[in-house]
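Taking numbering that gives the first Met the number 0, I'd label the letters of the sequence shown as residues 0 to 247.
Each residue gets a CB set at the ideal place from its N, CA and C atoms; glycine is no exception.
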Amino acid sequence: MELSGNTVLITGGATGIGFAVADRLIKLGNTCIVCGRRLDRLEEARKRIPGLNIIQCDISKEEQRNALFEWIDANFKEMNVLVNNAGIQRKINLAEGMADIEKNEDEIEINLRSQIYLAARFIPMLRRRAKAAIINVSSGLGFVPMAAFPIYSATKAAIHSFTMSLRQQLKGTSISVFEVIPPTVHDTELKGKPIPKSDYSISAAEMADAIIAGLRNDQYEIAAGASKGWISASREELDRFFSGINDH
Ligand SMILES: NC(=O)c1ccc[n+]([C@@H]2O[C@H](COP(=O)([O-])OP(=O)(O)OC[C@H]3O[C@@H](n4cnc5c(N)ncnc54)[C@H](OP(=O)(O)O)[C@@H]3O)[C@@H](O)[C@H]2O)c1
Numbered sequence: 000m001e002l003s004g005n006t007v008l009i010t011g012g013a014t015g016i017g018f019a020v021a022d023r024l025i026k027l028g029n030t031c032i033v034c035g036r037r038l039d040r041l042e043e044a045r046k047r048i049p050g051l052n053i054i055q056c057d058i059s060k061e062e063q064r065n066a067l068f069e070w071i072d073a074n075f076k077e078m079n080v081l082v083n084n085a086g087i088q089r090k091i092n093l094a095e096g097m098a099d100i101e102k103n104e105d106e107i108e109i110n111l112r113s114q115i116y117l118a119a120r121f122i123p124m125l126r127r128r129a130k131a132a133i134i135n136v137s138s139g140l141g142f143v144p145m146a147a148f149p150i151y152s153a154t155k156a157a158i159h160s161f162t163m164s165l166r167q168q169l170k171g172t173s174i175s176v177f178e179v180i181p182p183t184v185h186d187t188e189l190k191g192k193p194i195p196k197s198d199y200s201i202s203a204a205e206m207a208d209a210i211i212a213g214l215r216n217d218q219y220e221i222a223a224g225a226s227k228g229w230i231s232a233s234r235e236e237l238d239r240f241f242s243g244i245n246d247h
């Protein structure tokens, strides 16, 4: 896809991978809007990236998703790219029954349902653009689940499946559909704070560079680092990777 002159909404773009992508897209001559729940993070992002547009929105709340759409329609009529990037990851131990599920935020709502509804909400608008894109962020854990994050992994597998169907349904329209499949990215807020760098992790900046290169080359599934091997692995290899990350 053409990487300048777009108007791009990045959900969860005040931090981490979304922030690094917004930074690059603005430098390439695009207009960027980021949303998130925490105003302090949004304001900090705007300070760090001059020209960044921010709006507070919890995408898991239907009325806030609708308000976001109306605000974009009123202020950024030319929006042509939606990046479904916002997500959370929670440790859930199902051996404890309902306890962990009840004390944690709803990953299915944030990671899956919101992305589907946002795509559906924006598609009629995007179809009116000559060129448009929907970019869904899944995860390597959608291909090889990590048992400590069972719901997270399942939502990411579902995002992969949904993205394939969406791409098929939008074939022949102005909307291209991309999937971004990060490996472990060590310096984001997904796990609350940055985690130690490892042989299997990359930085948000490296992931953002891979995303920009993948979009530029119309690579519809953009993986990086360890995810590259995971998305093309055989069933036997997937089982080996699963044991590798889960059997301790
Ligand atoms: N880091 C990794 O290892 C990794 C690996 C594979 C895939 N990913 C995926 O990459 C994407 C970005 O994650 P990241 O690693 O960059 O982590 P991050 O820094 O925590 O970014 C996630 C962003 O989503 C926002 N968000 C969460 N819930 C939201 C909601 N209900 N409404 C609006 N915004 C919301 C957060 O801001 P607020 O809390 O302020 O709302 C945050 O800015 C996620 O989809 C994640 O699953 C990450």
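Taking 8 angstroms as the threshold, find out whether the stretch 158 to 169 comes into contact with the stretch 48 to 67 through three or more Cβ pairs.
Contact fails: fewer than three Cβ-Cβ distances are below 8 angstroms.
Return yes when at least one heavy atom of ligand 1 lies under 6 angstroms from the C-beta of Pro149, else no.
Position 150 of the sequence shown, counting from 1, holds the residue named residue 149. Not under cutoff, so the answer is no.
Here's a check: name, in chain order, each residue in its chain whose Cβ is nearer than 8 angstroms to the Cβ of Arg215, leaving out the five neighbours to either side.
As a position in the sequence shown, residue 215 is number 216, starting the count at 1. Excluding residues within five positions, the ones whose Cβ falls inside 8 angstroms are Met0, Leu2.
Assuming contact is defined by CB atoms lying nearer than 7 angstroms, are Asn84 and Gly17 in contact in what I supplied?
Your numbering for residue 84 matches position 85 in the sequence shown. Your numbering for residue 17 matches position 18 in the sequence shown. Yes; because the gap between Cβ atoms is below 7 angstroms, this pair is in contact.
Return yes when at least one heavy atom of ligand 2 lies under 6 angstroms from the C-beta of Leu189, else no.
Ligand 2 is absent from the structure shown, which contains only ligand 1.
For Phe332, report the span of its beta strand (DSSP E) as first-last.
This structure gives no information on residue 332, because the portion of the chain shown stretches from 0 to 247.
What ranges does the beta strand (DSSP E) occupy inside the stretch 160 to 217, keeping only unbroken runs of at least 3 residues that lie completely in it?
Counting only runs of 3 or more, we get 174 to 180.
Which residues does DSSP list as the beta-bridge partners of Gly35?
Position 36 of the sequence shown, counted from the start, is the residue given in the question as residue 35. Paired residue(s): Gln55.
Since Pro182 contacts Ala225 with CB under 8 angstroms, what's their CB separation in whole angstroms?
Taking the first residue of the sequence shown as position 1, residue 182 is located at position 183. Taking the first residue of the sequence shown as position 1, residue 225 is located at position 226. Correct: roughly 4 angstroms between the Cβ atoms.
Return the CA-CA distance between Val136 and Ser175, expressed in angstroms with no decimal places.
Here residue 136 refers to the residue found at position 137 when the sequence shown is read from its first residue. Here residue 175 refers to the residue found at position 176 when the sequence shown is read from its first residue. If I take the Cα positions, the gap works out to 14 angstroms.
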